[in-house]
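Accompanying notes for the structure given below.
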Amino acid sequence: AVGDDAFRNAFDDPSVALVHVRAVEYGCFLYEVRRPSA
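Heads up, the sequence shown is in the numbering used here, so the first residue is 8 and it goes up one at a time.
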């Protein structure tokens, strides 16, 4: 899916617990993506 590589790159760093995502073209919709469980 679109963005999967960006999440993989972010989560390659073990200190990253979650990533905040905002769709600026649709307003201030904000959500978070947490590190996948092992």
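Just so you know, even glycine gets a beta-carbon here, dropped at the ideal spot from N, CA and C.
Integer-rounded CB distance, given that residue j should sit under 8 angstroms from residue i
i, j, result
"V26", "F36", "Not really, about 15 angstroms apart at Cβ, beyond 8 angstroms."
Distance, residue j Cα to residue i Cα
i, j, result
"V23", "S44", "13 angstroms"
"F18", "G10", "12 angstroms"
"N16", "R42", "12 angstroms"
Bridge partners - residue i, DSSP secondary structure assignment
i, result
"Y38", "V28"
Check whether residue i and residue j have beta carbons under 9 angstroms apart
i, j, result
"V28", "V40", "yes"
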